[in-house]
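Going by the working numbering, 197 is the number at position 63 of the sequence shown; the sequence numbering is gapless. Built from N, CA and C at the ideal position, the CB exists for glycine as well. Shown next, in structure tokens, is the structure this report addresses.
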Amino acid sequence: MSAQDSNNQEGTRQEIESLPPGLNYLKGLEELMKCPICFDYLQAPMLLPNCDHNYCSLCIRKYLTLKEQCPACGCKASSNLLRSNQIFAKVIKQFKTIA
């Protein structure tokens, strides 16, 4: 794991731990809104239709230049299969206003 990945993970943990009182039940939901590659909130979420995993557009495009598979489950993937997940982007934007 790179130093940047480690810093991103630490920042994510701090964000989750700092949820306002009464919103701790949202921790699991917040984790679903994080990119498994950069560990930050999904930016321009992209969906891999073969497995339904979501990633930041930039993160998954960079990853797919190295390996043509889903980083989470290993199923076959390529950049031409990516689908924009605009609904999820709106959910994340709304969530960030309350958390």
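Would you list the residues sitting across from N158 in a DSSP beta bridge?
Partner(s): none; N158 has no beta bridge.
Mapping the DSSP letters down to three states, classify N142 as helix, strand or coil.
With a pLDDT of only 47 at N142, under the threshold of 50, the placement of this residue in the model should not be trusted; the figure read from the coordinates follows. It is helical.
Extract the residue ranges of the beta strand (DSSP E) inside the region 154–201, only unbroken runs of 3 or more that lie entirely within it.
179–182, 187–190
Below 8 Å between beta carbons: does that hold for C190 and Q177?
Yes, the Cβ-Cβ distance between C190 and Q177 is below 8 Å.
Can you find the residues in the same chain that come closer than 6 Å, C-beta to C-beta, to S136, ignoring five residues on each side of it along the sequence?
Legend: pLDDT at S136 = 48, less than 50; position of this residue unreliable, value from coordinates given subsequently. Taking C-beta separations shorter than 6 Å and ignoring five residues to either side along the sequence, S136 has no partners in its chain.
Which whole-angstrom value describes the C-beta separation of P170 and A206, a residue pair presumed to lie in contact below a C-beta threshold of 8 Å?
6 Å
If contacts are defined as beta-carbon pairs under 8 Å, then S213 and R195 qualify, I think. What distance do you get, rounded to the angstrom?
Cβ-Cβ separation between S213 and R195: approximately 6 Å, consistent with a contact (criterion under 8 Å).
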